[in-house]
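Scroll down for the structure; my scribbles are underneath it.
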Amino acid sequence: MTLLALGVAGYTSMAAWNPDAIDFIARRDGFLRQSLIVHALAGSVALALGPFQFLSRLRNRHRRVHRASGWVYLLCILISGLTGLWLAFFTPGGPPV
């Protein structure tokens, strides 16, 4: 999961070389900028919580914590996914083709 996230981060860093791709941040386009912030924050929380869901010690000894963090993880994935789709449709990005 972490390697996949690093791959996506590496791919999206190419947008820094394409000023048109990140123009909505410079223009301070309110809703798109807020969507990007929500996407990044929710994705970061999900990436931080994800690996802990696989710890059998946490799952066996602290079932409540495991379940609560699982629900938070799912909520963050949902929020990050929806805002990511929104950003994909309404912002230019990626390498110039």
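Per the working numbering, the sequence shown runs over residues 1 to 97. Note that CB positions come from ideal geometry on N, CA and C, so glycine has one too. On a predicted model such as this, the values are computed, not experimentally measured, just so you know.
Q: Any chance you could list the alpha helix (DSSP H) runs of at least 4 consecutive residues sitting entirely within the region 30-94, in chain order?
A: 30-49, 56-61 and 63-90
Q | Proximity to leucine 6 [Cα-Cα], best of Ser44, Val38 and Arg33 | A | As a working note, residue 6 is residue 6 in the sequence shown. Comparing Cα-Cα distances from leucine 6 to each of Ser44, Val38 and Arg33, the minimum goes to Ser44.
Q: Compare the beta carbon distance of alanine 42 and serine 69 with 9 Å and say whether it is the shorter of the two.
A: Locating residue 42 in the sequence shown gives position 42, where the first residue counts as 1. Locating residue 69 in the sequence shown gives position 69, where the first residue counts as 1. Against a cut-off of 9 Å, the Cβ pair of serine 69 and alanine 42 comes out as no contact.
Q: Write down the C-beta distance between leucine 87 and serine 35 rounded to the nearest angstrom, noting that I regard them as a contact closer than 8 Å.
A: Here residue 87 is taken as the residue at index 87 of the sequence shown, counted from 1. Here residue 35 is taken as the residue at index 35 of the sequence shown, counted from 1. 6 Å between Cβ atoms; contact.
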